[in-house]
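Visitor: One structure, as structure tokens, below. Some questions next.
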Amino acid sequence: MVARDPHRFANELDDTAIERIISRLESRARDEVFSRLFDKYVSYLEAVPGGKVLEVGCGTGATSRRLLRRPAFSGKVTGVDHSPAFIEAARHFVAQEGTAGRATFVVGDAHDLQFADHTFDAVFAHTLISHVTDPRPVLREMARVTKPGGVVAVFDGDYSSLTYGHADSGLGRTMDVALATASFNNPRIMRDLPRLLPELGLELKMAWGDAVAEIGQASYFRSFAETYVPFVEKAGLLPEGTAREWLAVQHKLMDDGTFFACCNYFTYIMGPK
24 MVARDPHRFA NELDDTAIER IISRLESRAR DEVFSRLFDK YVSYLEAVPG
74 GKVLEVGCGT GATSRRLLRR PAFSGKVTGV DHSPAFIEAA RHFVAQEGTA
124 GRATFVVGDA HDLQFADHTF DAVFAHTLIS HVTDPRPVLR EMARVTKPGG
174 VVAVFDGDYS SLTYGHADSG LGRTMDVALA TASFNNPRIM RDLPRLLPEL
224 GLELKMAWGD AVAEIGQASY FRSFAETYVP FVEKAGLLPE GTAREWLAVQ
274 HKLMDDGTFF ACCNYFTYIM GPK
């Protein structure tokens, strides 16, 4: 079988898989291990008072809602995602939080955004680029709909650096690769962005990296493993039962306080040329 990124092919997933992804997106947004990384660049998105911000690949709208909750942000957010199920969830969650009047969530294609040129003060993609087949048209579209002098922000992981501790180092490396292969279309894309940007109408302003690590206990990487191990199994990347056994070992390590997992993440702050 061939691994198929569940986010890229979300519209082909059954209801159980969709609910698993929705749960993952929401739990990830609440996890301070991960959400602090959005907080490191959010000030660039709220730089224009009352500004208009677009999130491309918004999923359940969890990151957009975090922006809306910030006291310093008085603007409006539009979120676009190709999954009707994710957009339905986004509308539900924002209504629950009482900020629906400042948010619009629509089904759309990141490769062909249905917005006029120079519409938004800031445009961002938070863990989208690793899932698309070709990031270049997506980034061109992000640049196109951003106002002159506006901000384009891309945050994502270098999932070739993803690793979990395991006593059998060979199996550990094999499972690390399997998780990245089953979960991401472009696990190494953040390494490629610097050389792609000049041809895409974008100018790099600044960039930085962060290592997300959990040692001893786990929340972010627990959810990651529990969400994506079923996709490893479905893709047939390892002998039957291997991924489940690996997950059982990870749960034991968490229970014993001897867990380890780490992945590198990168933030690019850009502007249209």
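Mapping to the working numbering: the sequence shown position 214 is 237, numbers consecutive. Cβ coordinates follow ideal geometry from the N, Cα and C atoms, glycine included.
Quick one: any contact between the stretch 124 to 134 and the stretch 56 to 76, if contact means 3 or more CB pairs under 8 Å?
Guide: Short answer: they don't touch.
Visitor: Can you list, in chain order, the stretches of the alpha helix (DSSP H) that have 4 or more residues and sit fully within the stretch 113 to 200?
Guide: Complete alpha helix (DSSP H) runs here, min 4: 158 to 167.
Visitor: Return yes when the Cβ of Leu77 is within less than 9 Å of the Cβ of Ala123, no when it is not.
Guide: Locating residue 123 in the sequence shown gives position 100, counting from the first residue. Locating residue 77 in the sequence shown gives position 54, counting from the first residue. No. Outside cutoff.
Visitor: Identify whether Asp37 lies in helix, strand or coil by the three-state DSSP scheme.
Guide: Taking the sequence shown and counting its residues from 1, the one referred to as residue 37 is at position 14. Coil at Asp37, not helix or strand.
Visitor: What residue range does the beta strand (DSSP E) around Val76 cover?
Guide: For this step, residue 76 is matched to residue 53 along the sequence shown. Val76 -> beta strand (DSSP E) spans 75 to 79.
Visitor: Have a look at Arg27 and Ser206 and give me their C-alpha separation to the nearest angstrom.
Guide: Reading the sequence shown from its first residue, position 4 is the one you call residue 27. Reading the sequence shown from its first residue, position 183 is the one you call residue 206. Going by the C-alpha atoms only, they are around 7 Å apart.
Visitor: So, are the CB atoms of Arg167 and Leu216 less than 9 Å apart?
Guide: One-based indexing of the sequence shown puts residue 167 at position 144. One-based indexing of the sequence shown puts residue 216 at position 193. No; because the gap between Cβ atoms is not below 9 Å, this pair is not in contact.
Visitor: Relative to the C-alpha of Glu111, which candidate in Val100, Trp269, Gly84 has its C-alpha closest?
Guide: The sequence position of residue 111 within the sequence shown is 88, counting from 1. Nearest C-alpha to Glu111: Gly84.
Visitor: Excluding sequence positions up to five away, which residues of its chain have a Cβ less than 8 Å from the Cβ of Ala139?
Guide: Within the sequence shown, residue 139 is the residue found at index 116, counting from 1. Cβ within range, chain order: Val168.
Visitor: With DSSP as the reference, label Glu263 as helix, strand or coil.
Guide: For the purposes of this step, residue 263 is taken as residue 240 along the sequence shown, with counting starting at 1. Reduced to three states, the DSSP call for Glu263 is coil.
Visitor: Determine the extent of the alpha helix (DSSP H) in which Pro72 is found, giving its start and end residues.
Guide: Start at 1 with the first residue of the sequence shown, and residue 72 comes out as number 49. It is not in any alpha helix (DSSP H) - Pro72 carries neither H nor E in the DSSP assignment.
Visitor: If you check the beta carbons only, do Ile152 and Asn209 fall under 9 Å apart?
Guide: In the sequence shown, the residue the question calls residue 152 occupies position 129. In the sequence shown, the residue the question calls residue 209 occupies position 186. Yes, the pair counts as a contact, with Cβ atoms nearer than the cut-off.
Visitor: Please name the residue, chosen from Arg93, Cys81, Thr86, His154, that lies closest to Val103 on a Cα-to-Cα basis.
Guide: The sequence position of residue 103 within the sequence shown is 80, counting from 1. Closest by alpha carbon: Cys81.
Visitor: Am I right that Leu202 and Leu185 are in contact with their C-beta atoms under 8 Å? What's the rounded C-beta distance?
Guide: Here residue 202 is taken as the residue at index 179 of the sequence shown, counted from 1. Here residue 185 is taken as the residue at index 162 of the sequence shown, counted from 1. Indeed they touch by this definition, with Cβ atoms about 6 Å apart.
Visitor: Exposed or buried, which one is Pro158 when buried takes at least 16 other CB atoms within 10 Å?
Guide: As a first step, residue 158 is located in the sequence shown; it is residue number 135 there, counting from the start. That one is buried.
Visitor: Excluding five sequence neighbours on each side, which residues of the same chain lie with their C-beta closer than 7 Å to the C-beta of Leu260?
Guide: Within the sequence shown, residue 260 is the residue found at index 237, counting from 1. So the list reads Ala26, Ala201, Thr204, Ala205, once near-sequence residues are dropped.
Visitor: Using DSSP bridges, identify the partner residues of Cys103.
Guide: In the sequence shown, residue 103 corresponds to position 80, counting from 1. At residue 103 the sequence reads Val, which differs from the Cys that was named. Beta-bridge pairing links Val103 to Val79, Val129.
Visitor: Please report how far the alpha carbon of Ala118 lies from the alpha carbon of His189, in whole angstroms.
Guide: On the sequence shown, position 95 is the one that residue 118 refers to. On the sequence shown, position 166 is the one that residue 189 refers to. Answer to the nearest angstrom: the Cα atoms are 42 Å apart.
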